[in-house]
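Okay, structure first, notes after.
Numbering (my numbering), first residue to last: 54 to 442.
Pasting the structure below:
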């Protein structure tokens with residue numbers, strides 16, 4: 054596969070640029086802050102000397118990012134578990150598509166599973182709306198990230214989509230790198246994780262094959278599911294739910310995004326589980342060659358959703374939230390009264406953290422119901438998947 058596109062403005066830095074861009078980070082105060090936030094007991098000068106000895110991107114992931122992610126797992130989770138890694142052939146390359154729980158850690162925790170099992174990591178798609186400082190752009194591209202251009206005009210957006218699609222096909226089929234991309238732009242605030250057909254249409258723009266289905270098949274789409282017991286951003290989402298309830302035109306600021314990133318990385322998540330499903334290439338190749346495009350993308354999105362929803366790990370909070378959100382006692386045998394009280398107290402404590410003035414009792418009820426539904430929806434979606442998939 055050959056490409057006429059220049060990928061230099063979106064691709065991860067190659068190893069020739071790696072040392073230069075890494076060295077530029079050392080004098081950046083915000084980089085020091087980021088490192089010491091994650092590793093508060095680190096000797097920063099010693100850490101810099103260790104970085105200076107890193108020869109390339111893959112070594113950076115193994116030697117630097119692996120231990121950092123293990124530190125995050127140790128300090129902010131009650132353990133990260135994995136299932137389905139046997140579905141990944143280390144000799145093949147894939148396009149991993151996951152639900153979108155955390156701005157930073159979705160792809161990072163998936164790659165941590167690969168690092169733990171001595172398997173190839175993936176390159177990571179990240180929106181340029183998050184790269185508000187040059188040092189962040191350099192850091193993510195050192196760490197095998199490629200850039201998704203956002204907020205463009207119609208003509209520029211189509212050209213950016215073609216470039217992005219061409220890069221993903223190039224990475225998987227030519228460079229021999231797996232890639233990760235979220236199933237949708239932006240996180241599903243209510244945890245109802247549905248694949249946007251626009252993501253699939255973008256992926257099908259490039260490729261050597263002659264139909265959208267076969268172009269999708271050549272990049273080995275592999276769904277995976279990320280389950281958090283507790284979402285560290287849940288109270289921020291409750292705040293956003295209320296802000297949008299008050300003002301449908303409410304938009305978050307860049308500061309909001311940065312604070313969400315920091316909160317998602319540094320705060321408590323409980324247990325975390327990642328389930329990797331089988332690659333859907335065989336199912337794509339079975340689709341009729343003359344299938345209507347609209348029907349095809351709807352069918353593929355449904356297939357991905359089924360595999361993601363089937364992979365949820367259900368925790369007690371999900372069962373308890375289902376009962377409170379939908380007035381059901383269907384799963385009352387899955388938790389104890391003590392567990393229910395703990396979860397109720399947890400939800401109230403999260404609502405107490407919402408820093409908005411003049412919140413009425415009715416608005417607090419609205420936010421509470423929003424959080425119950427957010428924590429119930431993975432179970433609801435898994436139940437639906439078990440009957441229709």
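Heads up, the beta-carbon is just placed ideally off N, CA and C, and yes, glycines get one too.
Between residue i and residue j, what straight-line distance do the alpha-carbon atoms span, to the nearest angstrom?
i: residue 137; j: residue 413; result: 46 Å
i: residue 348; j: residue 250; result: 10 Å
i: residue 405; j: residue 155; result: 22 Å
i: residue 393; j: residue 179; result: 37 Å
i: residue 375; j: residue 68; result: 49 Å
i: residue 81; j: residue 62; result: 22 Å
i: residue 153; j: residue 314; result: 13 Å
i: residue 161; j: residue 122; result: 7 Å
i: residue 128; j: residue 318; result: 10 Å
i: residue 260; j: residue 203; result: 22 Å
i: residue 361; j: residue 300; result: 32 Å
i: residue 175; j: residue 416; result: 42 Å
i: residue 332; j: residue 298; result: 39 Å
Beta carbon of residue i, beta carbon of residue j: below 8 Å?
i: residue 191; j: residue 77; result: yes
i: residue 65; j: residue 102; result: no
i: residue 150; j: residue 274; result: yes
i: residue 322; j: residue 283; result: yes
i: residue 438; j: residue 140; result: no
i: residue 248; j: residue 286; result: no
i: residue 195; j: residue 75; result: yes
i: residue 116; j: residue 91; result: no
i: residue 427; j: residue 290; result: yes
i: residue 327; j: residue 432; result: no
i: residue 37; j: residue 400; result: Not covered by the structure: residue 37. The range shown for the chain is 54 to 442.
i: residue 419; j: residue 337; result: no
Taking C-alpha atoms, which residue in the options lies nearest to residue i?
i: residue 339; options: 353, 329, 328; result: 353
i: residue 269; options: 277, 258, 278, 279; result: 258
i: residue 177; options: 198, 184, 161; result: 198
i: residue 385; options: 396, 89, 373, 395; result: 373
i: residue 277; options: 130, 201, 388, 232; result: 232
i: residue 157; options: 363, 108, 184, 99; result: 184
Are there 16 or more other CB atoms within 10 angstroms of the CB of residue i, so buried, or fewer, so exposed?
i: residue 114; result: buried
i: residue 134; result: exposed
i: residue 132; result: exposed
i: residue 390; result: exposed
i: residue 3; result: This structure does not reach residue 3, given that the chain is present from 54 up to 442, and the question cannot be answered.
i: residue 345; result: exposed
i: residue 159; result: buried
i: residue 227; result: exposed
i: residue 334; result: buried
i: residue 377; result: buried
i: residue 444; result: A query on residue 444 cannot be resolved here, the shown segment of the chain reaching from 54 to 442 and no further.
i: residue 86; result: exposed
Output the residue ranges of the beta strand (DSSP E) runs that lie fully inside the region 191-257 and measure 3 residues or longer, sorted by chain position. 198-201, 231-235
If you scan the region 106-185 from start to end, which runs of the beta strand (DSSP E) of 3 or more residues do you find wholly inside it? 130-136, 148-151, 175-180
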